[in-house]
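Protein chains: 2
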Amino acid sequence: MLSPTAVSPVAVRHANPASLASAPVRQTAARCSACAMRHLCMPQGLTSDEIPKLEALICSVRKVRRGEALYRAGDHFDNLYAVRSGSLKTLIVHRDGREQITGLQLAGEALGLDGIANDTHAFSAIALEDSSICTLPYAALKNLCRETVTMQDRLHRLMGDQFNREASQMMVLGSLSAEERVANFLLDVSERNWQRGYSHAEFHLRMSREDMGSYLGITLETVSRILSRFQKRNLIDAQGKLIRIVDIEGLRAL
Amino acid sequence: MLSPTAVSPVAVRHANPASLASAPVRQTAARCSACAMRHLCMPQGLTSDEIPKLEALICSVRKVRRGEALYRAGDHFDNLYAVRSGSLKTLIVHRDGREQITGLQLAGEALGLDGIANDTHAFSAIALEDSSICTLPYAALKNLCRETVTMQDRLHRLMGDQFNREASQMMVLGSLSAEERVANFLLDVSERNWQRGYSHAEFHLRMSREDMGSYLGITLETVSRILSRFQKRNLIDAQGKLIRIVDIEGLRAL
DNA sequence: CGTTTCTTTGATCTACTTCAAGGGGAGTGG
DNA sequence: CCACTCCCCTTGAAGTAGATCAAAGAAACG
Numbered sequence: 000m001l002s003p004t005a006v007s008p009v010a011v012r013h014a015n016p017a018s019l020a021s022a023p024v025r026q027t028a029a030r031c032s033a034c035a036m037r038h039l040c041m042p043q044g045l046t047s048d049e050i051p052k053l054e055a056l057i058c059s060v061r062k063v064r065r066g067e068a069l070y071r072a073g074d075h076f077d078n079l080y081a082v083r084s085g086s087l088k089t090l091i092v093h094r095d096g097r098e099q100i101t102g103l104q105l106a107g108e109a110l111g112l113d114g115i116a117n118d119t120h121a122f123s124a125i126a127l128e129d130s131s132i133c134t135l136p137y138a139a140l141k142n143l144c145r146e147t148v149t150m151q152d153r154l155h156r157l158m159g160d161q162f163n164r165e166a167s168q169m170m171v172l173g174s175l176s177a178e179e180r181v182a183n184f185l186l187d188v189s190e191r192n193w194q195r196g197y198s199h200a201e202f203h204l205r206m207s208r209e210d211m212g213s214y215l216g217i218t219l220e221t222v223s224r225i226l227s228r229f230q231k232r233n234l235i236d237a238q239g240k241l242i243r244i245v246d247i248e249g250l251r252a253l
Numbered sequence: 000m001l002s003p004t005a006v007s008p009v010a011v012r013h014a015n016p017a018s019l020a021s022a023p024v025r026q027t028a029a030r031c032s033a034c035a036m037r038h039l040c041m042p043q044g045l046t047s048d049e050i051p052k053l054e055a056l057i058c059s060v061r062k063v064r065r066g067e068a069l070y071r072a073g074d075h076f077d078n079l080y081a082v083r084s085g086s087l088k089t090l091i092v093h094r095d096g097r098e099q100i101t102g103l104q105l106a107g108e109a110l111g112l113d114g115i116a117n118d119t120h121a122f123s124a125i126a127l128e129d130s131s132i133c134t135l136p137y138a139a140l141k142n143l144c145r146e147t148v149t150m151q152d153r154l155h156r157l158m159g160d161q162f163n164r165e166a167s168q169m170m171v172l173g174s175l176s177a178e179e180r181v182a183n184f185l186l187d188v189s190e191r192n193w194q195r196g197y198s199h200a201e202f203h204l205r206m207s208r209e210d211m212g213s214y215l216g217i218t219l220e221t222v223s224r225i226l227s228r229f230q231k232r233n234l235i236d237a238q239g240k241l242i243r244i245v246d247i248e249g250l251r252a253l
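Sequence lines, in order, name chains A and B.
For the first sequence, numbering that gives the first Met the number 0 assigns the number 253 to the last residue and increments by one with no breaks.
For the second sequence, numbering that gives the first Met the number 0 assigns the number 253 to the last residue and increments by one with no breaks.
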């Protein structure tokens, strides 16, 4: 299994970009049944009597339609979330109205950590497509983490991983050229898709060019131009939001 | 007391940029005695029988000389740290050698969280001046967090806060102009200095222009030019690394 | 006190932005 | 099922913020 490090030019290792679990193995994710959280939270390491406790936590599944917010900056923080299906973006709104996309969450990934520091969400989370979301009450989770070392470890790693992921994005924004940023982003999404049991090479990227630009610190025009350039060089094949990676090594070489 | 939000144009609220404590109050920090950690970890909320437990954790104080590493990317992760005196920078090294400064840690602030996800440090932490560092074994800390809700909460908030801090920096790198970045950075350091009981208006910034540039995603020349410009406009008074903020509102207005 | 490293400032260059306009796809309503 | 509308995407042309190159001056350090 490729490590994310191998894919991303940015040298921060992500153990398990996922969530309250150690890496949901390819196969596990692929046959994900009712709720991603079951798999995400269960895997290796929990003893059989711990599993029901965890399951009891997962209160509800919430549907969020394309464009709607799962939560908004300023909302009270009560839950962590895991994307069951669909995808979301998280963003910060500057007081002058400028928006910065801080992350993209794919199926199987976690979000909500931006609320831990202040009991108040610092980001807004907006669905990029109709999505369903598993809800995990934070208070209950904390209790469980005091009972069970494994769960404590899992939560800590989740937090640590998101921390490292952000640091990695800081490197992207601070040090890479526009072309490198786009290549890096495509490889990152490709890798994450693959980790959850989907195709390495082809995926729907529901973000608009503008969202990508915001996430990468460049303009939508630049994103578009670079994607066209990549296509001309036979690195990718992009039809709007459907992206097919043709030459993964070529992208990595950038 | 000014909230960091008020200072920083970037709209992520930092509860307590500090550490395992709720905000070390101005006064507390000012009369900091033997070890910053004592104050950082003790304050409000711990019952008297919890305090000794925490103190028992603080194993050692380590000295790091200017330019030396407290830890390096790839090192095994065992401890969290709190800066007792001095300051450090954390950075990621890209495989092609490019470095990105990910943070500046002042006296009273915590570091080491980059190791949690993988049991391996993702950053390197380098002293910007001769510094002394309190060491907090992570394993022991985890145990304590399972015993004591207060400590658990404190650790979670610490992690959450660093997460939000990074997100805030993503906004800086992704959306602000060079001038805004520098102004924002000066205000941030000023605010953090003040929170730890030092001057709001005047401080030694031990980073080089190059470090600042790396942290802010611009070149050292640009940093230098902008500082000169600020000086001409009577916003600051900079003599090398000694920075005096003359017109804090003017800086905020940028 | 000399050497090195950091900082400032100027001149030029360029990667990316901004402005602008045309084209295409997806959803909606007829 | 088609046509309309809206939004998004693409591509071009021109402008600019910031990078790069260069060189001199100022601290810091042994």
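A virtual CB, placed ideally from N, CA and C, is assigned to each residue, including glycine.
Per DSSP, the bridge partner or partners of residue i
{"i": "Ala109 of chain A", "result": "A:Ala81"}
{"i": "Thr89 of chain A", "result": "A:Gly102, A:Ala124"}
{"i": "His75 of chain B", "result": "B:Thr119"}
{"i": "Leu241 of chain A", "result": "A:His203, A:Gln238"}
{"i": "Thr134 of chain A", "result": "A:Tyr80"}
{"i": "Ala68 of chain A", "result": "A:Ile125"}
Contact list for residue i against chain B, beta-carbon separation under 9 Å
{"i": "Met150 of chain A", "result": "Simply none; closest approach about 10 Å."}
{"i": "Arg145 of chain A", "result": "Cys144, Arg145, Glu146, Thr147, Val148, Gln151"}
Extent of the continuous alpha helix (DSSP H) to which residue i belongs
{"i": "Tyr137 of chain A", "result": "137-146"}
{"i": "Glu190 of chain A", "result": "177-194"}
{"i": "Ser223 of chain A", "result": "219-231"}
{"i": "Asp236 of chain B", "result": "That residue, Asp236 of chain B, is in no alpha helix (DSSP H); its beta strand (DSSP E) goes 235-238."}
{"i": "Arg208 of chain B", "result": "208-215"}
{"i": "Leu253 of chain B", "result": "Taken as a continuous stretch (DSSP letters only), Leu253 of chain B belongs to no alpha helix (DSSP H), as it is neither H nor E."}
Other residues of its chain near residue i: CB distance less than 8 Å, five sequence neighbours each side excluded
{"i": "Asp129 of chain B", "result": "Lys62, Val63, Arg64, Arg65, Gly85"}
{"i": "Leu250 of chain A", "result": "Ala182, Leu185, Leu186, Phe229, Leu234, Ile235, Ile244"}
{"i": "Leu262 of chain B", "result": "Missing from the structure shown is residue 262 of chain B; chain B here goes from 0 to 253 and no further."}
{"i": "Asn248 of chain A", "result": "Before going on, a small fix: residue 248 of chain A reads as Glu here, not Asn. Same-chain partners within the cutoff: there are none."}
{"i": "Asp118 of chain B", "result": "His75, Phe76"}
Per-residue contacts from residue i into chain B (C-beta, under 7 Å)
{"i": "Gln238 of chain A", "result": "Within 7 Å Cβ-Cβ: nothing; Gln238 of chain A doesn't reach chain B, min ~27 Å."}
Close-in-space but distant-in-sequence residues of the same chain around residue i (CB under 6 Å, 5 per side omitted)
{"i": "Leu204 of chain B", "result": "Lys240, Ile242"}
{"i": "Leu103 of chain A", "result": "Lys88"}
{"i": "Glu67 of chain A", "result": "Ala126"}
{"i": "Ile217 of chain B", "result": "Ala177"}
{"i": "Leu74 of chain A", "result": "This sequence places Asp at residue 74 of chain A; Leu is not what is there. If we look at Asp74 of chain A and ignore the five residues flanking it on each side, its Cβ neighbours are His120."}
{"i": "Met285 of chain B", "result": "Residue 285 of chain B lies beyond the stretch modelled for chain B, which goes from 0 to 253, so this question has no answer here."}
{"i": "Arg71 of chain A", "result": "Ser123"}
{"i": "Asp152 of chain B", "result": "none"}
{"i": "Leu154 of chain B", "result": "Cys144"}
{"i": "Ser131 of chain B", "result": "Val60, Lys62, Arg83, Ser84"}
Partners in chain A for residue i, counting only beta-carbon separations shorter than 7 Å
{"i": "Arg97 of chain B", "result": "Ser174"}
{"i": "Arg156 of chain B", "result": "Ile115, Ala116"}
{"i": "Lys88 of chain B", "result": "Within chain A, no residue comes near Lys88 of chain B; the closest Cβ sits about 13 Å away, beyond 7 Å."}
{"i": "Lys261 of chain B", "result": "Since the first and last residues shown for chain B are 0 and 253, residue 261 of chain B lies out of range."}
Own chain partners of residue i with C-beta closer than 7 Å, once the 5 adjacent residues on each side are dropped
{"i": "Asn78 of chain B", "result": "Gly111, Thr134, Leu135, Pro136, Tyr137"}
{"i": "Ala237 of chain A", "result": "Leu226, Gln230"}
{"i": "Ile162 of chain B", "result": "Correcting the residue identity first, residue 162 of chain B is Phe in this sequence and not Ile. Cβ within range, chain order: n/a, list empty."}
{"i": "Ser32 of chain A", "result": "At Ser32 of chain A, the pLDDT of 35 sits below 50, so the modelled position is not reliable and the matter cannot be decided from this model."}
{"i": "Asp246 of chain B", "result": "Asn233, Leu234"}
{"i": "Ser213 of chain A", "result": "Glu98, Gln99, Ile100"}
{"i": "Leu69 of chain A", "result": "Val63, Tyr80, Leu87, Ala124, Ala126, Ile132"}
Bounding residues of the beta strand (DSSP E) (the contiguous stretch that carries residue i)
{"i": "Glu201 of chain B", "result": "201-203"}
{"i": "Arg61 of chain B", "result": "59-63"}
heavy atom of the ligand SAH below 7 Å from residue i C-beta
{"i": "Arg232 of chain A", "result": "In the structure on display, the ligand SAH does not appear, and there are no ligands present to speak of."}
Within chain A, the residues that residue i reaches when beta carbons sit closer than 8 Å
{"i": "Arg191 of chain B", "result": "Correct list: empty, because the minimum Cβ distance to chain A is about 15 Å."}
Near-chain B residues of the segment 202-233 of chain A - C-beta to any C-beta below 8 Å:
Ser213, Tyr214, Leu215, Gly216
Scan the segment 160-175 of chain B for residues whose Cβ lies nearer than 8 Å to a Cβ of chain A and list them as they occur along the chain.
Asp160, Gln161, Phe162, Asn163, Glu165, Ala166, Ser167, Gln168, Met169, Met170, Leu172, Gly173, Ser174
When Cβ atoms are compared, which residues of the segment 100-111 of chain B fall closer than 9 Å to chain A?
Ile100, Thr101, Gly102
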